[in-house]
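Protein chains in written order, with full-length UniProt numbering: chain U, 1 to 630; chain L, 1 to 634.
Following: one structure in structure tokens, then a few remarks.
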Amino acid sequence: MASNSSSDRQRIAQQRLRIIAGHLRAPVDSDSTILAAECKAQGSKTDVSSERKTVPRRRQEILKWNGWGYSDTRFLFNKKGQAEFTGKRYRLSGMIIPALQNWFEGTFGASVQHKSPAMPILTSSAVQPPTLNEAFVDELKSTGIPCSHDAEDRVFRGHGHCLHEVFALREGKVGRVPDIVVWPNCHNDVVKIVELACKHNVCLIPYGGGTSVSSALECPPEETRCIVSLDTSQMNRILWIDEKNLTAHVEAGIVGQELERLLNESGYCTGHEPDSMEFSSLGGWVATRASGMKKNIYGNIEDLVVHVKMVTPQGVIEKGCQCPRMSTGPDIHHFIMGSEGTLGVVTEVTMKIRPMPEYQKYGSVVFPNFEQGVACLREVAKQRCAPASIRLMDNEQFKFGHALKPQVSSIFTSFLDGLKKFYITKFKGFDPDRLCVATLLFEGDREKVLQHEKQVYDIAAKFGGLAAGEDNGQRGYMLTFVIAYLRDLGMDYYVIGESFETSVPWDRVLDICRNVKARIIQECKDKGVQFSPLSTCRVTQTYDAGACVYFYFAFNYRGLSDPVHVYEQVEHAAREEILANGGSLSHHHGVGKLRKEWMRETISDVGMGMLKSVKNYVDPKNIFGNRNLI
Amino acid sequence: IDPMLKKRDDFEDILEERRNSSDLKYALRCYTPVLYKGVTPCTSSMLKSMVLQSDQLHYVINQVSKETGKATDDIKEEASAILEEMAQCLQLSTVRFFAFTLSKAFKTLFRSICVNEDGIQRLQQAIQEHPVVLLPSHRSYMDFLLMSYILYTYDVALPVIAAGMDFMGMKFVGEMLRMSGAFFIRRSFGGDKLYWALFSEYVKTMLKNGFAPVEFFLEGTRSRTSKSLTPKLGLLNIVMDPFLKGEVFDVNVVPVSISYERVLEETLYARELLGIPKPKESTSGLFKARKILSEDYGSIHVYFGQPVSVRSLAQGKVNRCQFNLVPRHIPRRPSEDIASFVNDSAYRLVRAQEENMVLKPWVLVASLLLQYHHQNQAAGQKRGIALGELTAQAVWLRDLSRQYGAFLHWPDHIPPSEVVSSSLTLHRGLVRICEDKVQLAVEQGPHSSVAPEEELLSQAVILLSCASYRNQALHVFVRPALLALAIHTASSNQKQEVFNSFSFLRNMFSNEFILCPGATVQDFEEACYLLVKTGALQFTQQEVLVTERGHRTLAFLSTMLDPFLQGYQVVCRFLCEEATETLTEKQFIPAVRKFIKKLLLAGRLRYMEVLSSDLQKNSLAALLRLGAVRKMKG
């Protein structure tokens with residue numbers, strides 16, 4: 001099964017080297033394993049990492065202003081109509097994806113002849129001039145903290161990645177955006193900014209990686225005060241690593257990939273890998289209760305956080321120690337986690353770290369149908385032997401995954417693929433329109449991984465699952481990183497879509513998947529969508545008592561006068577269906593403003609009252625006025 | 001909505017092809033129905049084990065074991081035995097056998113069996129999309145065999161049918177029916193948790209897996225009076241449950257209206273209502289019914305209504321989140337919103353059945369003849385009505401009923417007099433024509449050797465049979481008729497007075513007719529709309545005025561309800577005068593019957609219809625509901 005074990009060995013060797021190098025780079029004072037760094041603004045440059053690779057203040061230098069991800073990376077249909085993925089950043093970059101066009105046209109009834117291009121550049125006349133609170137701006141400037149009221153900077157921070165937000169940008173439409181952007185460099189900068197904001201009564205909206213899909217970053221149109229976007233991206237250092245307790249103290253603006261890269265240099269990792277980790281920030285994870293792909297080993301954000309520092313209008317909130325667990329009344333971290341920027345700005349976090357895993361292995365299992373697949377995942381969860389990640393795609397997504405196979409280099413590979421397909425569909429009798437695939441990721445020391453792998457495959461076999469190779473598994477995970485780029489491709493050709501998630505008890509998983517997918521299809525039909533939509537799901541996390549389910553939904557909007565409105569109505573109906581089927585309002589995307597209307601039924605009247613009274617105490621003047629959550 | 005605008009499909013006679021091609025070939029032809037897209041293929045016996053292994057059953061078995069102290073294994077065995085007794089074992093070969101024999105029988109009994117093919121097509125579509133529940137009206141034993149016969153004919157998936165246990169009395173026939181898809185339910189199993197769990201789980205399992213469309217009779221039993229019966233909610237609750245709990249995306253419910261031009265059980269029902277003992281269902285009894293085969297029963301119309309999505313019915317009425325906090329397999333009493341949702345839906349569905357019931361000209365003729373009979377009787381005349389006049393009346397009533405939206409099959413290309421006489425011919429057992437005068441076949445024979453009571457009963461059989469035809473049209477007229485009666489009884493012409501009086505009558509009669517709960521205002525408005533539209537009524541700011549030409553309509557309408565009014569009155573009288581001591585439920589019918597017979601023989605009551613036990617039961621139920629009578633335990 002380990003088809004390229006030599007490259008594995010090579011990789012492990014490299015990892016070891018990196019770990020050792022990380023140790024070698026430790027400070028001379030070898031008694032202390034704690035590494036300290038001070039605020040850049042205070043002049044010190046002692047950093048854990050040697051080489052810095054931050055997100056620049058002017059994000060537009062490397063990121064798209066009206067779409068997902070890096071400017072140099074996108075899908076396109078070339079002149080021959082073949083799909084290509086540009087750039088050099090991903091495994092798929094620079095490759096031709098021959099099957100995508102067919103799948104795309106077949107699934108959506110779209111055509112590569114019918115383009116719906118985006119506005120190429122932002123016209124600054126589309127952006128309203130900033131409402132500036134002069135007194136605030138003057139005092140802010142005197143602190144020396146960088147700020148800007150450049151139109152591009154402001155627009156970039158006025159949105160997340162909901163469909164309606166990106167769609168509007170592509171049309172060059174800009175609503176209410178922040179009036180100023182500030183870039184604090186450290187905790188103390190944030191304290192100053194919050195003090196000034198309170199003093200001058202301006203509205204603060206914290207901004208991390210900008211990957212929100214809950215309308216959390218949208219400026220409330222009714223906000224009349226000056227809106228200040230507090231961009232944490234420059235607070236991106238690991239301040240110290242404590243190897244005795246296996247924790248790292250990190251500034252909250254650091255983005256996921258950077259955090260992992262820097263920790264890896266010292267031989268560690270957090271293991272927290274949400275799908276957005278390239279761009280999303282530590283502070284954002286805390287503020288939205290994020291969940292990572294490998295939570296089965298490392299835990300979700302609430303399991304990883306040991307200590308949090310948050311600056312609020314009432315002052316700084318933090319615990320007085322770094323203890324693993326406390327019985328001291330309700331955990332104040334739970335006021336911070338999931339507060340979605342309504343109470344303050346998370347500035348520093350102490351997180352658990354782990355030594356980097358010695359060995360990683362992908363895998364996949366094909367099941368005759370989705371029901372069997374879910375039954376298998378349930379059994380894996382019951383036996384508490386879930387690998388680092390286990391995800392089950394439904395049939396549509398399995399086909400989608402296949403459409404993303406890059407051009408094969410040799411006839412032999414394509415022959416092997418054909419043989420595999422023959423074996424599964426003809427010899428094993430799997431119906432190609434019903435089968436589904438689970439992708440797996442194992443992590444740990446080599447021997448245990450292999451043992452674990454066998455255990456999981458044995459369980460899968462009991463549910464009719466057939467091992468289907470590492471390649472399928474790896475491609476499945478790649479899909480999560482490129483899916484957002486694919487949405488931009490769709491939007492170039494009249495196709496709009498989105499993903500949304502929920503968590504649900506085990507006994508409801510099959511029902512919710514079926515009903516929500518069917519509801520999407522029915523609503524599209526009722527709302528006049530001319531083409532049948534893509535409505536697909538996967539189970540992405542397993543827990544003792546339930547699972548996390550992700551839905552993807554997209555349709556061809558040709559012939560609709562207001563596609564975004566139709567889209568929103570369908571998503572709204574889908575969420576109602578989720579709730580009616582016992583699903584949660586959100587597993588990890590958060591509530592923002594998009595799902596606020598359901599909060600009361602989700603947490604009860606008293607629950608709402610509790611949250612509101614906390615807000616009233618912490619921020620009576622609604623300085624943190626993004627109006628998320630409640 | 002104007003009832004005139006109701007669009008209905010055309011019919012196709014399925015017997016026509018039977019008369020022109022081989023029945024054997026038909027019975028053996030290739031049968032490949034379209035199935036539910038999410039079907040889990042399974043056999044009848046697999047179904048049983050799925051039920052026995054379900055979480056629901058495990059839970060109830062443990063519960064029963066705790067309560068009774070019996071070992072779970074014993075209860076499991078008991079459950080398995082109950083399921084054996086209940087389960088269907090649908091076999092195509094049996095269906096083919098029925099297809100052959102029924103073809104033969106139907107061709108001799110009926111002139112035609114007319115089916116709306118568009119409805120069949122809609123049904124096909126519905127079956128593919130979602131689990132389907134078939135809800136035929138129930139007027140005859142024939143109903144469910146007829147349904148399966150039609151579905152077989154059109155290559156539609158054969159249903160499984162909930163049937164009463166009484167069929168099981170007929171050993172051989174019972175097994176045959178089982179093999180053609182019937183499953184058997186005990187008539188009453190009140191507090192038997194285990195039985196209820198098995199039964200509901202069995203039905204749900206078949207429905208959820210798309211094993212077959214589930215068919216049952218919303219009215220619970222055959223209507224002996226041809227009026228629709230107050231719907232029973234048990235099975236409807238069960239089939240809606242999988243949707244409400246999210247176990248299926250939707251359930252499609254298809255009301256089916258089966259109308260017989262002549263009901264096979266015509267006089268049988270009348271006798272039963274009069275308390276003349278009913279022969280127990282037995283195989284030999286069925287064979288005796290062979291003499292029926294020599295008679296002409298006219299045609300049957302079967303109308304497959306628009307499939308109703310339970311999801312859209314429940315939209316905004318039920319909060320499905322209520323199932324989120326307790327595991328779904330734990331049985332719970334339906335919440336208030338669900339109970340009222342199911343009840344409202346049941347009424348809507350029965351009304352949907354009523355709406356698509358085909359009415360034959362005879363239904364109108366019978367209504368007219370009944371009214372004539374009673375008027376003449378009161379006037380002491382015994383001459384009958386001239387055919388010409390009857391025809392003219394019938395044409396008037398035809399036009400009126402069409403304006404009220406009746407689904408009337410009156411052949412417009414045939415002269416009305418021929419239409420009327422051919423209906424009279426088909427029902428020659430109920431009418432007598434001499435010297436061009438038509439009257440009901442109730443006149444006393446010349447030799448009065450029979451006892452007066454027997455004489456009374458035999459007359460009542462004819463009258464009740466006739467009334468059952470009139471009843472077929474009641475759903476068309478009931479709302480305007482209640483208004484007509486309300487105007488008649490109200491103390492003034494004031495709109496509010498009339499409404500109050502309408503509301504009282506409607507409430508009084510809501511066990512008698514299908515009147516949706518809580519729809520008093522809608523019903524009143526509908527009645528006003530129809531009477532105003534047809535020029536019988538005018539409304540001023542405050543008053544209701546009957547127009548010149550409206551008197552005839554209003555007289556006809558209120559006379560239609562007269563027998564019911566008298567029936568309720570006489571039951572009240574009985575309770576006041578005779579039932580001084582407390583009465584057991586069992587004693588009630590014989591006692592009230594005796595009381596009424598006495599009055600009838602003394603010539604102090606006009607309507608023999610009040611002898612109908614159905615009417616008597618309904619009036620007691622109404623009095624009970626209104627709090628005029630109390631039920632005491634023990």
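Glycine included, each C-beta is placed from N, C-alpha and C at the ideal position.
Within the segment 312-323 of chain L, contact with chain U at the beta-carbon level (separation under 9 Å) is assigned to N319, R320, C321, F323. Within the same chain, no residue comes within 7 Å of L:E454 by CB-CB distance, once the 5 residues on both sides are set aside.
In the three-state scheme derived from DSSP, where H, G and I count as helix and E and B as strand, L:F183 is classed as strand. Looking at the DSSP output, L:H301 sits in a beta bridge with L:C114, L:S259.
DSSP, reduced to helix, strand and coil, places U:E251 within a strand of the structure shown. The three-state reading of DSSP puts U:W598 in helix, counting H, G and I together. In summary, L:A314 is buried, with 16 or more beta-carbon neighbours lying within 10 Å of its beta-carbon over all protein chains present. Residue-level contact check: U:L435 does not touch chain L, since none of the beta carbons of chain L fall below 8 Å from its beta carbon. Selection L:L531, L:Q541, L:T540 evaluated against L:H551 yields L:L531 as nearest (Cα-Cα). With distances taken between CA atoms, L:A197 lies nearest to L:I75 out of L:Q91, L:P131, L:I75, L:P159. Fully contained in the segment 55-79 of chain U are the following beta strand (DSSP E) runs of length 3 or more, in chain order: 75-77. The distance from the Cβ of L:E354 to that of L:I514 is about 6 Å, consistent with a contact at the 8 Å cut-off. According to DSSP, residue pairing for U:W240 in a beta bridge involves U:H249.
For U:V346, the enclosing beta strand (DSSP E) has its first and last residue at 345-352.
Going by C-alpha positions, L:T221 is about 7 Å away from L:H138. Among the residues facing chain L, U:A248 is not included, as its CB has no counterpart in that chain under 8 Å away. A distance below 8 Å between beta-carbons, with the five flanking residues on each side excluded, links L:A126 to the following residues of its chain, in chain order: V132, N252, V254, P307. Chain-order list of chain L residues neighbouring U:R514: F249, by C-beta distance under 7 Å.
Chain-ordered, the chain U residues with CB closer than 8 Å to the CB of L:G246 read R508, D511, I512, N515, A580, N581, G582. Scanning chain U for C-beta atoms nearer than 9 Å to the C-beta of L:P327 yields P505, D507, reported in chain order. Under the DSSP assignment, U:Y362 falls outside any alpha helix (DSSP H), being part of the beta strand (DSSP E) whose first and last residues are 359-367. DSSP places L:P452 inside the alpha helix (DSSP H), whose first and last residues are 452-472. Between U:A518 and chain L, the shortest Cβ-Cβ separation is below 8 Å. Contact between L:G246 and U:N515 holds, with the beta-carbon distance rounding to 6 Å and staying under 8 Å.
With fewer than three CB-CB distances shorter than 8 Å, the segment 192-210 of chain U does not count as touching the segment 569-580 of chain U. Contact check for U:P117 against U:G175 fails: the beta carbons are separated by 8 Å or more. In the DSSP assignment, L:E215 is bridged to L:L134, L:I161. Judged by beta-carbon spacing, U:R391 lies within the 8 Å limit of U:T439, meaning their Cβ atoms are closer than that value.
Between the segment 569-587 of chain L and the segment 595-605 of chain L there are three or more C-beta pairs closer than 8 Å, enough to call the two in contact. With distances taken between CA atoms, L:A270 lies nearest to L:V461 out of L:R351, L:L369, L:V461, L:V571. Annotation: the continuous beta strand (DSSP E) that includes U:M393 extends over 389-393. Ranking U:L239, U:G256, U:I254, U:D488 by CA distance to the CA of U:A248 puts U:L239 first. L:R383 has its alpha-carbon roughly 14 Å from the corresponding atom of L:Q371. Residue environment: L:Y404 is assigned as buried (16 or more neighbouring CB atoms within 10 Å of its CB, all protein chains considered). Around U:T54, the same chain offers S233, Q234, N236, E258 as residues with beta carbons nearer than 8 Å, after the five sequence neighbours per side are excluded.
Two segments are said to touch when three or more pairs of C-beta atoms, one from each, lie closer than 8 Å; by this definition the segment 509-528 of chain L touches the segment 611-624 of chain L.
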